[in-house]
Each structure stands twice: as C-alpha cells, then as structure tokens.
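There are 2 protein chains.
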Amino acid sequence: MLIDQRKLPEVTEYFDATAFDDMLFAIEEMVVRGAPSIGVAAAYGLAWEAERLTRNTDPAHFLETLEDRAKRLKATRPTAVNLAWAVDLMIREAHMLFERLNAGASRRDLEQVAIELKKLAVEILNEHIEINKRLSDFGAALVADKAQILTHCNAGSLAACGWGTALGVIRSAFIQGRQPTVLVDETRPRQQGARLTMWELSQDNIPATLVCESMAGHLMQSGKVNMVIVGADRIARNGDTANKIGTYNLAVLAKYHDIPFYVAAPLSTFDADLESGACIPIEHRSEAEVTSMAGVQLTVSGARAYNPAFDVTPADLITAIITEAGILRRPFKESIQSALGLSG
Amino acid sequence: MLIDQRKLPEVTEYFDATAFDDMLFAIEEMVVRGAPSIGVAAAYGLAWEAERLTRNTDPAHFLETLEDRAKRLKATRPTAVNLAWAVDLMIREAHMLFERLNAGASRRDLEQVAIELKKLAVEILNEHIEINKRLSDFGAALVADKAQILTHCNAGSLAACGWGTALGVIRSAFIQGRQPTVLVDETRPRQQGARLTMWELSQDNIPATLVCESMAGHLMQSGKVNMVIVGADRIARNGDTANKIGTYNLAVLAKYHDIPFYVAAPLSTFDADLESGACIPIEHRSEAEVTSMAGVQLTVSGARAYNPAFDVTPADLITAIITEAGILRRPFKESIQSALGLSG
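Residue numbers (numbering that gives the first Met the number 0), protein chains in the order written: chain W, 0 to 343; chain S, 0 to 343.
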C-alpha cells in the first residue's frame, strides 16, 4: 500500500500496488516518487511478483520471468539510480538463491526464494530509514540557528520512504532546536514542493513559506536565504548531481550569491559506473504536464512544450554532499571514492 | 474597451473601462497589464474621467478632482514607472490648459480641456506604437538567423499597447526573415508567458515552445538558448532594471552561461530620478496567487506564500538596453544620460 502522492495534500489516499502491473503504473505515473522511494517500491514490486510466480510459473522460467519484470521496472524512470540499484540487488539475490538450489527447483524451493526476496525488500526499506536518519544528523550540524533554508521538490519522507534526505536534514535540525524556517519551491510542473513538501512540513509544524521558482534570485539577493538543500536522483563519481529540474538554476544562483548549496543523498544514489554527469540519462515527460494543470489548459491549444524532468548540477557548484558516511567535501572524486570504498 | 488579459487565451473578451472605477479595477486586477499598456490605459481613464467631470463637477474643483483620480491610479501598481509617467503627463497638460483660461472657467471651457486631454491620450497611444516599432527594428539587428530566444512574461502587443518591446523585437526579426524560435517562460504565478506570449506568438505563427522557469539553466547548459530578451517596468539611471519576478534569475543564468541578455523598453520606462535599482518599489501581490491557480488549491490549506511581483536586475548583468533611441551599451550611466538628454 502506497500513499498516493498524486492526490496529496487534498486527500490521503492509499494505492494498492501488490499486483506487478499496478506497481509499474504507480512508479510510471508517480503515485510513488522520489529516488529512494521508487527503489524500495520496485523491490517490493519484485518481491510480490516472485510470490505470485511461485504459483503460476514453471520453475524453469522463474528467474527469466523475474528478470523481464526487472527490466520493465528499470525502463519506467531512467534518471534515478536507486531504482536500478534496488532492482539489481533483488535480481542478484534471486540468482544467488537459485544457485544454491539443486538443478530442477521444486515449487517449494521457489516459495522459499520468494520469502527470502520479501525479507530483502523489507531490509532495504528499513535500512533506508536508518540511513536517512544518519545522514540527517550529519546534515543538521550544518544548519545554523534560525537558518532560512531554500529547498526544491520533495526530498522528504514521501520521497525517501521515511524521514527524508534534504527534508530529513531540516527535520533533524528542527528537532535539535535550531528553529529553521523553510522556503519551499513549488516545483513546476508537478508541484511536488507545493503539494508534498508543504504537506510534510505542516505535519511537523516546521514553519514554511511557498515560493515560485522565479523568486529564488530575488530571495537570495534580498538576504532571505542562508542555505540551499536538495536531494539527488543520481550522483556521478566526480560529484555531478542529477536532481529535479530547477536544481541547477538554484546551484548557479547560490554560487552567484555566495550561499552554500548542499546535496543530501544516501550512498545508494551514487553511480560508481559514471565518471561524470554528462552521461546521466534525462527523463523527458509529457508536454501536457506543462501545458495544463489539474485538468485546466494553461496556454493556447496545440501549444508545444518542453518537459525535461531532471537537470544535472556540476560538482563545482556543490558545497558538500551529505551522506550516511558523513559530509563529503571537495575534491569530490576523492571523498566519494573513499565513501563508496572504491579503488582509484 | 480593453482586451481582458485575465481571460486569454481561452476567450477574447473585451472589458469596458470608460468609467473611472472600472479602469482602476482593470489596472489593479490586471485586466490590462504590461508597463506601457497600463500607462496608456491610465491616460485614457483620466481623459474619460475629465469628460465626465465637465458634466458633474463644479469647474472650481475640476483640477483637484482630476488630481485625486491621478493619485488613485498611481497607487494601484507601484513598480512600473510608465503609469506614473503617463498620469503626470496628463495632469501637467490639464494644468497648462487651465492656466490658459481666464479665472472662473466655464463649463464650455472644461469641455475644451476634456477634448484636449482625450487628444493627448490618443497621442500617447499612437506614439507608443511608433516607438515600439522603432525600438523593435533596432533590436531585430541583434537577432542572428535561426536564433533560439528565451523570453519571460509578456512584453508584446498586449503589454505595450500594440507591437511590443521584447516581443516586438522578435516580431520584427521574424518579419525580416530571421526565423527565430522562441522559448517562452510560463511566468509563475500568473502565467503571462503561457497565456499571453504563447497566444501572441501563435497569432503571428512564430514557432514557440512553452517552458517552466525551472528549466532555464538546463536549456542554457544544453545549448538551446542563444539570447534572452525581456521587457522592463522601470529602469534606473545606472541601467538597473525592474521587471517581472524571475527576470533576475535569467540574467544571472545568462551571465553564467555567457549568453547575451537584452532588455527592450521605451525611454518612458527610464526613471531619471533614480540613481540605482535599490530604491525601486517592489509590488507584493496576494499570497493566493501562489497557493491556488484557476480556483484550484495547489498546496495545504492555510499555507503561507511569498509573492513579490517584480525583481531588480543589476546593470552589470545586462548586455544592452534596446530603446527607440538605439541600442544602449555599457557604461550605461553615460549611454542612458545621453539617450534621455540629461545633463551629467
């Protein structure tokens, strides 16, 4: 059961995504969104599907069918790496469990595999929440008393399956008594800031003010922003960061105004295979998301629109990356390498 | 009769603003908007009011009453200087006409004054259109073949009572065969780009793509923007420019990406009394413009929002200012002084 993030904040409605196609739909249509959350959702989707396959599929085709499902999940949203990360983890586990079986697995064997995969999905979820809290504690140390923090999109408990990354840092700072106030970018075209971040902050009674993306420069120019914190969908080995469209604007503006710009993300957001952000695939979504809103046409009929869902912020605009392994600073290539335990 | 800009592009409806209070409402509620257009609308409002006063007011109180109306008009929208400019021009003319009369003006004298004021309003309108075309021709010379131009808000014929300033430049370049394509910022929170600029461009068959403000950096980073052109609501003597909120973001982003950033505005937009942009009053509008759209609530109920309608772009981010007196370049203090015919 997922909170239907398309319907917040008007109603808190749940979406039943135990059937695999429902989970595919939920990820594609953003019933569930946020890089860590879609990773965990995909893991659950695969676990439930594995259970269903134990009843309906020839054991000889079990792995192959599960891999087909994994491929379909990974194709839904190409930018966030956590989706691929969680799916690959599940598939690797399935392979490992199969290798332990004798040739010709019985249906009972499959049931055991499905149970183990469910355990792994639950583990991924619980570990994510732990990790969020750990990185939020590191990040909270960067928040000055009464800091005015600008954030973009939603990197809270909805996006990160509990607690949150960027919003987790703010939440932890608030609990520690730092009295932060938050400026929330509405985040066009899907209003994740207006709908989701404002909702989470109001649930926690953290003072928040909704702003439009167009106001960021003016807010910084008039001294109303002390720091910017955002989440991430994929981080390359050199620190280049893909995140919700509009993040790069904020990074350039923060640099120009000499305001610290932080990215908060778990290590599972890093893509060790990518040297730099240049190769991060950018998802393009439907033009209708820009030309209409809540069923209301916003422009002339037949208008063309452009709708990249993410942008890439080069590492040199990022002050630090807040992870569960601590605050990573420049030079990022070295600090990321060490946090991920990679060899040079 | 004004085109009701609140209702475009769904319907082309006219708003009858011959009664003075209707014109006040029209300017305040943005039935008519755009710095030059509200100046001309205010001049017409005063001219019609003068005619009404010839029938209803003691000639001894005529000027005083007209000045009260002028004050109320100027209080509606504080940022654009054209409103004050046009209103002051009308009031100065009324004073001059009165001075020519013998003491104790007759009702017939008043009628003559009202006729002259109407003539002046028509002149202001016609001159604005002429000026727009002149500055657009200067500006078109800056547009390269097949240039991809990013613009913000609406600085077209709706904003500038015919032809347009920023959009006038694009229109003239298009007519001259330069084949520009336009990226149109939707311009939150009132969608003037989505509603008005997209409408004007589609009327003229100029290729246009709607984008969100959040996409500007990404568009520039991916080489999709060759130049930025915007209008202006008020320009100080040093070139600092107030324009629709979000303009300053674009100027910083353009500077960072080494993309030329042009302001197009008639000389009536310059405020010779202002040394710099620091003193330009910024209009703040209702929070509801940010928290809801087309009657749909966009965020949690009771949410606070911030809604400055304009921002100020410092002169050092502006490549050139396109006026009817030619292209003004740095150092702006000198080029503006010379264009306005001011002494140092």
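Note that beta-carbon positions come from the ideal geometry of N, C-alpha and C, so glycine has one too. All values derive from a computational prediction rather than experimental measurement.
What is the C-beta distance between residue i and residue j, in whole angstroms, given that I count them as a contact (C-beta under 8 Å)?
i: Ile90/S; j: Ala69/S; result: 5 Å
i: Glu274/W; j: Arg236/W; result: 6 Å
i: Thr398/S; j: Val224/S; result: Shown here, chain S extends from 0 to 343; a query on residue 398/S therefore has no answer.
i: Ile228/S; j: Ile148/S; result: 6 Å
i: Ile321/S; j: Leu134/S; result: 5 Å
i: Ser337/S; j: Leu157/S; result: That belief does not hold up - the Cβ atoms of Ser337/S and Leu157/S are roughly 31 Å apart, past 8 Å.
i: Ala207/S; j: Val168/S; result: Not really, about 15 Å apart at Cβ, beyond 8 Å.
i: Gly44/W; j: Met22/W; result: 3 Å
i: Asn131/S; j: Gly161/S; result: 6 Å
i: Ala314/S; j: Gly238/S; result: 3 Å
i: Met292/S; j: Met292/W; result: 6 Å
i: Ser171/W; j: Gly138/W; result: 7 Å
i: Ala42/W; j: Ala85/W; result: 4 Å
i: Asn81/S; j: Ser334/S; result: The Cβ separation is near 20 Å, so there is no contact.
What in chain W is Cβ-close to residue i, meaning under 7 Å?
i: Asp136/S; result: Chain W residues near Asp136/S: none, gap ~27 Å exceeds 7 Å.
i: Gly216/S; result: Tyr247, Asn248, Val251 and Asp310
Counting only beta-carbon separations shorter than 8 Å, does residue i have a partner in chain W?
i: Tyr247/S; result: yes
i: Ala46/S; result: no
i: Ser105/S; result: no
i: Ala34/S; result: no
i: Trp198/S; result: yes
i: Met226/S; result: no
i: Arg194/S; result: yes
When the cut-off is 8 Å and only beta carbons count, does residue i lie next to chain S?
i: Cys211/W; result: yes
i: Arg170/W; result: no
i: Tyr255/W; result: yes
i: Pro307/W; result: yes
i: Gln190/W; result: yes
i: Gln220/W; result: yes
Kindly list, in the order they appear in chain S, the residues whose Cβ is closer than 8 Å to that of residue i.
i: Ile244/W; result: Cys211, Ser213, Met214 and His217
i: Ala304/W; result: Thr208, Leu209 and Val210
i: Ser201/W; result: Val299, Gly301 and Ala302
Whose Cβ in chain W lies nearer than 8 Å to the Cβ of residue i?
i: Ser275/S; result: By Cβ distance, chain W contributes nothing, its closest Cβ being about 13 Å from Ser275/S, past 8 Å.
i: Glu185/S; result: Arg187, Val289, Leu297 and Thr298
Starting from residue i, find everything on chain W with Cβ-Cβ shorter than 9 Å and list it in chain order.
i: Ala293/S; result: Met292, Ala293, Val295 and Leu297
Counting Cβ pairs, one atom from each stretch, are 3 or more of them under 8 Å apart for the segment 298 to 305 of chain W and the segment 246 to 255 of chain W?
Using a Cβ-Cβ distance cut-off of 8 Å, the segment 298 to 305 of chain W and the segment 246 to 255 of chain W are not in contact, since fewer than three pairs of beta carbons, one from each stretch, lie closer than that value.
Does the segment 276 to 292 of chain S come close enough to the segment 303 to 310 of chain S that 3 or more CB-CB pairs lie under 8 Å?
Yes, since at least three Cβ pairs between the segment 303 to 310 of chain S and the segment 276 to 292 of chain S fall closer than 8 Å, the two stretches touch.
For the segment 257 to 277 of chain S against the segment 149 to 156 of chain W, are there 3 or more C-beta pairs whose distance is under 8 Å?
no
For the segment 206 to 222 of chain S against the segment 208 to 224 of chain W, are there 3 or more C-beta pairs whose distance is under 8 Å?
yes
Can you confirm whether the segment 49 to 56 of chain W touches the segment 72 to 85 of chain W when touching is taken to mean that 3 or more C-beta pairs between the two stretches lie within less than 8 Å?
no
Assess, as a yes-or-no matter, whether the segment 193 to 200 of chain W is touched by the segment 219 to 233 of chain W under the definition of 3 or more beta carbon pairs within less than 8 Å.
no
Can you give me, in chain order, the residues of the segment 1 to 29 of chain W that have a beta carbon less than 8 Å from any beta carbon in chain S?
Pro8 and Glu9
Say whether the segment 99 to 113 of chain W touches the segment 22 to 41 of chain W, bearing in mind that this needs 3 or more beta-carbon pairs closer than 8 Å, one atom from each stretch.
no
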